[in-house]
Amino acid sequence: KILKDIKDSKKLTPRQREKWLEILKNNFEYKTASISSKIIDRIGIQKAVSLAVARVLHKIVGAPTSDKLVLLDGLLKAPKQYNQKTIIKGDEKIPIISAASIVAKVTRDKKMLRFHKKYPQYGFDKHKGYGTRHHYKMLKRHGPCPIHRKTFRLS
70 KILKDIKDSK KLTPRQREKW LEILKNNFEY KTASISSKII DRIGIQKAVS LAVARVLHKI
130 VGAPTSDKLV LLDGLLKAPK QYNQKTIIKG DEKIPIISAA SIVAKVTRDK KMLRFHKKYP
190 QYGFDKHKGY GTRHHYKMLK RHGPCPIHRK TFRLS
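Here this note's numbering is used: the first residue of the sequence shown is 70, the next is one more, and so on.
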């Protein structure tokens, strides 16, 4: 009922995402996990995403169990010990996955705003670290800062 009108985070404005996050904070327990650029450089982006999924599931569920179903968006995979279902475009179709996409997006955007204070020359407050023209331009001008992945290619 609470999630009846929720949408995929990509279809919401920043203000709408913040509003939804407040609703989620007041009605649900959730956890997040992030992986540093150094770990991504060491193990690769796919393994890093899998590691983040495993970490957040461990925080929420604890030990793998078959009595709880884990719903995942897109091509994400949980460790095989978890009972899981992957739903392509799940963030558009399944309200609880939409909620997770909002939590992830707002959490990441806030983290990028903190990085902007430390590295203002990159404009993280505008592009939030996504591969925009402006971000590429700033990378070419200033070189990478410590949060940039060394394995990312500017081509």
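Glycine included, every Cβ here is placed at the ideal spot set by N, Cα and C.
Quantities reported herein were computed from a predicted structural model and do not represent experimental measurements.
Asked, Found
"Residue range of the beta strand (DSSP E) that includes ASP142", "138 to 142"
"Buried or exposed (CB count within 10 angstroms, at least 16 for buried), SER103", "exposed"
"For LEU126 and SER170, the rounded distance between their alpha carbons", "15 Å"
"Which of helix, strand or coil DSSP assigns to THR101", "coil"
"With 16 other Cβ atoms within 10 Å as the buried cut-off, status of LEU90", "buried"
"Any chain C beta carbon closer than 7 Å to THR176", "You won't find chain C in this structure, because it holds only one protein chain."
"Secondary structure of LYS154, DSSP reduced to three states", "strand"
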